[in-house]
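Chemist:
Residue numbers (mature numbering (1 follows the signal peptide of the UniProt record, and there is no 0)): -25 to -1, 1 to 100.
The following block contains the structure:
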């Protein structure tokens, strides 16, 4: 009798695990669709990398948590604006400014070099 209860519990746990994985896969697809939509709405035309876009978008979302309404300004022109730099500064992430600048340039499909650094004046603070 004990073994039949154990089998029932194991079967139930497997069912829950499999069902949850299916839900997670659907959620991931929804997130990817949402990210691609947000990517296009932000004016980005370069190489789409969902992980890098997520990282860069987090800066604007955290900034929006501190300053309501900041997300729209922060993400304008595919994040290549002074407001994005100000958000980095306000969130004390200036030590990562070159990393974020490279991601933004990649989203714009530009190389990071001395000719493109002018896009990120506020990163220099």
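Heads up, the beta-carbon is just placed ideally off N, CA and C, and yes, glycines get one too. As the structure is a computational prediction, the values presented were derived from the model and not from experiment.
So what does DSSP say about residue 75, is it helix, strand or coil?
Modeler: Helix at residue 75.
Chemist: Could you give the residue range of the alpha helix (DSSP H) that holds residue 65?
Modeler: 57 to 65
Chemist: Spell out a yes or no on whether the segment 18 to 26 and the segment 61 to 73 are touching, meaning 3 or more CB-CB pairs, one atom from each, closer than 8 Å.
Modeler: Inter-segment contact for the segment 18 to 26 and the segment 61 to 73 is absent: fewer than three beta-carbon pairs are separated by less than 8 Å.
Chemist: What number of angstroms, rounded off, separates the C-alpha of residue 49 from the C-alpha of residue 35?
Modeler: Their Cα atoms are separated by approximately 6 Å.
Chemist: Excluding the 5 residues flanking residue 79 on each side, which residues of the same chain have their C-beta closer than 6 Å to its C-beta?
Modeler: 54 and 55
Chemist: Closest to residue 38 by CA distance: which of 81, 15, 27 and 60 is it?
Modeler: 60
Chemist: Just tell me which of 12, 44 and 42 has its CA closest to the CA of residue 29.
Modeler: 12
Chemist: Assuming residue 82 contacts residue 31 under a Cβ cut-off of 8 Å, what Cβ separation, rounded to an integer in Å, is found between them?
Modeler: At roughly 7 Å, the Cβ-Cβ gap stays under 8 Å, so residue 82 and residue 31 are in contact.
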